[in-house]
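One structure is given below, encoded as structure tokens.
Numbering (the working numbering), first residue to last: 5 to 95.
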């Protein structure tokens, strides 16, 4: 599975407060980052299984973009940055 930083904008305006809130939320999606464990840390059995699943899961650009746009009514993709498990977070 890859982490995705997405920037979407919604087209049009609505007087519906739920729609307006969703539109505002779609304008700025915070980028979540987590600290990486040290290379010497031992993983639990559960963590090892999760790592195997993450390493085996692949998300293509097209799939990520289609999913992102589909989550926002009248959304339009303006930027997509995919990062894999082993990608460097030092942007």
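Don't be surprised by glycine CBs; every beta carbon is placed ideally from N, CA and C.
Note that the structure is predicted; figures quoted are calculated from it, not measured.
Please classify residue i: is it buried, with 16 or more other beta-carbons within 10 angstroms of its beta-carbon, or exposed?
| i | result |
| --- | --- |
| residue 57 | exposed |
| residue 82 | exposed |
With respect to the alpha helix (DSSP H) encompassing residue i, which residues constitute its N-terminal and C-terminal limits?
| i | result |
| --- | --- |
| residue 57 | 49–60 |
Rounding to the nearest angstrom, what Cα-Cα distance links residue i and residue j in this structure?
| i | j | result |
| --- | --- | --- |
| residue 50 | residue 72 | 29 angstroms |
| residue 78 | residue 64 | 22 angstroms |
| residue 52 | residue 66 | 29 angstroms |
| residue 69 | residue 62 | 14 angstroms |
Consult DSSP for residue i and reduce its assignment to one of helix, strand or coil.
| i | result |
| --- | --- |
| residue 73 | helix |
When you compare the CB of residue i with every CB in chain B, is at least one pair closer than 7 angstroms?
| i | result |
| --- | --- |
| residue 61 | No chain B is part of this structure, which consists of one protein chain only. |
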